[in-house]
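Numbering (the UniProt record's numbering), first residue to last: 1 to 429.
Down below is the structure, laid out as structure tokens.
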Amino acid sequence: MRTEIKSTLARGTGGGLLARSAGVGIGFLSHVLLARLLQAEEYSRYIYVLTWLNVLVLLGKAGLDTATLRFVAAYRSSGEAGRLRGFLRKSRSIGFTVSVLVAATAGAVVTALSGRLDPVLYSAFLVSCLALPVNGLLAIRSACLQAMKQVIRAELPQSVARPALTLAGAWLLFRILGRAPRSDETLGAYLAAGILALVVVEYWNRSALSGVETAAPPEYETGLWVKTAMPLLLISGFHLVLNQTDTLMLGMIRSTGEAGAYAVASRVTQLIFLGQWAVNAIAAPMFSELHHGGKKERLQEAATYAARAAFLVTVPLAFGLVFFGRQVLAIFSSEFTVAWTALAILAAGQIIHVLCGSVGLLMTMTGRENAAGKIIGMAAVLNIVLNAVLIPRFGLEGAAVSTAVSTAFWNITLVFLVRKRIGIRSTVL
Numbered sequence: 001m002r003t004e005i006k007s008t009l010a011r012g013t014g015g016g017l018l019a020r021s022a023g024v025g026i027g028f029l030s031h032v033l034l035a036r037l038l039q040a041e042e043y044s045r046y047i048y049v050l051t052w053l054n055v056l057v058l059l060g061k062a063g064l065d066t067a068t069l070r071f072v073a074a075y076r077s078s079g080e081a082g083r084l085r086g087f088l089r090k091s092r093s094i095g096f097t098v099s100v101l102v103a104a105t106a107g108a109v110v111t112a113l114s115g116r117l118d119p120v121l122y123s124a125f126l127v128s129c130l131a132l133p134v135n136g137l138l139a140i141r142s143a144c145l146q147a148m149k150q151v152i153r154a155e156l157p158q159s160v161a162r163p164a165l166t167l168a169g170a171w172l173l174f175r176i177l178g179r180a181p182r183s184d185e186t187l188g189a190y191l192a193a194g195i196l197a198l199v200v201v202e203y204w205n206r207s208a209l210s211g212v213e214t215a216a217p218p219e220y221e222t223g224l225w226v227k228t229a230m231p232l233l234l235i236s237g238f239h240l241v242l243n244q245t246d247t248l249m250l251g252m253i254r255s256t257g258e259a260g261a262y263a264v265a266s267r268v269t270q271l272i273f274l275g276q277w278a279v280n281a282i283a284a285p286m287f288s289e290l291h292h293g294g295k296k297e298r299l300q301e302a303a304t305y306a307a308r309a310a311f312l313v314t315v316p317l318a319f320g321l322v323f324f325g326r327q328v329l330a331i332f333s334s335e336f337t338v339a340w341t342a343l344a345i346l347a348a349g350q351i352i353h354v355l356c357g358s359v360g361l362l363m364t365m366t367g368r369e370n371a372a373g374k375i376i377g378m379a380a381v382l383n384i385v386l387n388a389v390l391i392p393r394f395g396l397e398g399a400a401v402s403t404a405v406s407t408a409f410w411n412i413t414l415v416f417l418v419r420k421r422i423g424i425r426s427t428v429l
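Here is the structure:
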């Protein structure tokens, strides 16, 4: 049994790490090339609109991507074909409906403000509204593949193929139009790439679940599914606050120059999380299956192996990025090297995160999402308060300390909650 858990985690982590690393590399390259192709003003508009789109997609998904990880894995492991079929139908219809409603609301707001917006920016926002339902469904259906431990298939279309196709579309527009494409035109390429990615993901889902459609009539527990998805949506929102508040408040309190340098350092330290993400991608459905099947000893083994695997990948990355931090920051601009100390502090926070193990997943995959949401919500409030106190005096370093302390708070607190409520030791040791 131990060998089976270790081999499953090793295969899934290796595949996930490879796919996510390829996605990070291609995503970085595509943004560099798009910045040069579109030129500064249009690229800035493109990124600005994409940032808003990512926030709205969070609402459009309605927490169903994480709920999919939990319920699809649980129903498949227990052979509940009727509930699995019902959940797949309902999650798809609810996700699409909510995404369309959010997109329509956003479109109405943008139209109402059209007189204050640059025509190209207005057009770009409208195109992004069309992309919102596509992105929402893509996230939910990719989570379904991940729940079936098809990590590479879940990752390739949206993280690798989509940025590459967007870049190819922008280059094609450049060749056809004989000029640099505008931000709205590039978002059109982004939308087309998203539709293609969704088609591929949907095809792979249908292939993997072909037997489910005839195995049993659909059974619906819509109340349970929605009740579970709502706190998961809140958790995603709190994580968004934790990830963005430091940069935003730094820009408001100090200067946009400091915020820009800090944003680069923050983005660089996200590379440290590659190992944790790769492990979580395969650990999430495994935790759900083992808990749903009442296999507590195997759940403990999976949690321990997952924590150690993430630690082995993360620590070398963290120390490497800190040691070569100034050189990495200088790739973006020599002015950004002032953020090296902040980078080191953020890296320390990430190491604490990894030492605690996959505590967030253990809580959400075992039905403790309400308790997890309260703790992460408290961490988000703590982050805002610390930023307000520390940024005026310490600048970049104050923002980094705020985020590192907030990250440590919710992870360490959840370590004790996981131990108390699930009876599992989540840490590396």
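Glycine included, C-beta positions come from ideal geometry on N, C-alpha and C.
Everything numeric in this text was worked out from a predicted model, so none of it was measured.
> Based on Cα-Cα distance, which residue from K227, M252, R393 and D246 lies nearest to L382?
Replying inline: D246
>> So for F324, helix, strand or coil by DSSP?
In response: coil
>> For R393 and L386, what's the separation of their Cα atoms in angstroms?
In response: 11 Å
> Per DSSP, what kind of secondary structure is P181 in: helix, strand or coil?
Replying inline: Shown here, P181 sits in coil according to DSSP, grouped into three states, outside any helix or strand.
> Measuring CA to CA, which of A371, M378, A302 and G398 is closest to W340?
Replying inline: G398
>> Measuring only the C-alpha atoms, how far is A309 from T105?
In response: Between A309 and T105, the alpha-carbon positions lie close to 43 Å from each other.
> Considering only residues of the stretch 334 to 360, which uninterrupted alpha helix (DSSP H) runs meet the minimum length of 4 residues and lie entirely inside it, listed in chain order?
Replying inline: 340 to 355
> From L187 to V315, what distance separates their C-alpha atoms?
Replying inline: 37 Å
>> On the DSSP letters alone, give me the boundaries of the alpha helix (DSSP H) that A388 sits inside.
In response: E369 to F394
> On the premise that L232 lies in contact with E369, defined as a C-beta separation below 8 Å, what is that separation, rounded to the nearest angstrom?
Replying inline: 6 Å
> Taking L242 as the reference, which of T403, T413, V415 and K227 has the closest Cα?
Replying inline: T403
>> Within the continuous alpha helix (DSSP H) that includes R254, where are the two ends?
In response: Run containing R254: none; DSSP gives neither H nor E here.
> Counting only runs that start and end within the stretch 130 to 192, where is the alpha helix (DSSP H) found for 4 or more residues in a row?
Replying inline: Those alpha helix (DSSP H) runs which fall completely within the stretch 130 to 192 and span 4+ residues are 151 to 155 and 162 to 177.
> Apart from the five residues on each side of it in sequence, which residues of its chain come closer than 7 Å, Cβ to Cβ, to H291?
Replying inline: L299, M365 and T366
> When you compare each of W204, V226 and V328 to I94 by their alpha carbons, which one comes out closest?
Replying inline: Of W204, V226 and V328, the residue nearest in Cα terms is V226.
>> Quick check on DSSP: helix, strand or coil for T428?
In response: The sequence given here has Val at residue 428, not Thr. Note: V428 maps to coil in three-state DSSP.
> By Cβ distance, which residues of its chain are closer than 6 Å to M286, with the 5 residues on each side in sequence left out?
Replying inline: The answer, listed in chain order, is A302.
> Going straight from the alpha carbon of I345 to that of P217, what length do you get?
Replying inline: 53 Å
> Exposed or buried, residue 506, counting other C-beta atoms within 10 Å across all chains shown (16 or more means buried)?
Replying inline: Here the chain covers residues 1 to 429 and nothing more, so residue 506 does not appear.
> How many angstroms separate the CA atom of H239 from the CA atom of A372?
Replying inline: 12 Å
> Which of helix, strand or coil does DSSP assign to S210?
Replying inline: Three-state DSSP puts S210 in coil, outside helix and strand.
> Do the stretch 123 to 141 and the stretch 175 to 193 meet, that is, are 3 or more Cβ pairs less than 8 Å apart?
Replying inline: yes
> Is E397 helix, strand or coil by DSSP?
Replying inline: helix
>> Can you list, in chain order, the residues of its chain with a C-beta nearer than 6 Å to that of I26? Leave out the 5 residues immediately preceding and following it.
In response: V160, P163 and A164
>> Spatial neighbours of T427 within its chain, please: C-beta separation below 8 Å, excluding the five flanking residues on both sides.
In response: A307, L355, C356, G357 and V415
> In chain order, what residues of the same chain lie with their CB nearer than 6 Å to the CB of A22, ignoring the 5 residues before and after it?
Replying inline: Only V160 meet the Cβ criterion.
> Between R92 and the rest of its own chain, which residues show a CB-CB distance below 6 Å, the 5 nearest in sequence each way excluded?
Replying inline: Non-local C-beta neighbours of R92 in its own chain, meaning closer than 6 Å and more than five positions away in sequence, are absent.
>> Between A408 and A342, how many whole angstroms is the CB-CB distance? I'm expecting something under 8 Å.
In response: Not confirmed; about 16 Å, so no contact.
>> For E155, count the other beta carbons within 10 Å of its own beta carbon; 16 or more makes it buried, fewer makes it exposed. Which is it?
In response: buried
> When the distance is taken between beta carbons, is V418 closer than 8 Å to V322?
Replying inline: no
>> If I measure Cβ to Cβ from C144 and keep anything under 6 Å in the same chain, skipping five residues before and after, which residues do I get?
In response: T68, V72 and N205
> Applying the criterion that 16 or more other CB atoms from any shown protein chain within 10 Å of the CB defines a buried residue, is residue 447 buried or exposed?
Replying inline: The first residue shown for the chain is 1 and the last is 429, placing residue 447 beyond what the model contains.
>> Between W171, R267, R85 and A180, which has its C-alpha nearest T222's C-alpha?
In response: R85
> Looking at L138 and Q158, is the spacing between their C-beta atoms short of 8 Å?
Replying inline: yes
> Does the Cβ of D65 have 16 or more other Cβ atoms within 10 Å, making it buried, or fewer, making it exposed?
Replying inline: buried
> Which first and last residues belong to the alpha helix (DSSP H) in which D65 is found?
Replying inline: From DSSP, the alpha helix (DSSP H) with D65 extends over L64 to S78.
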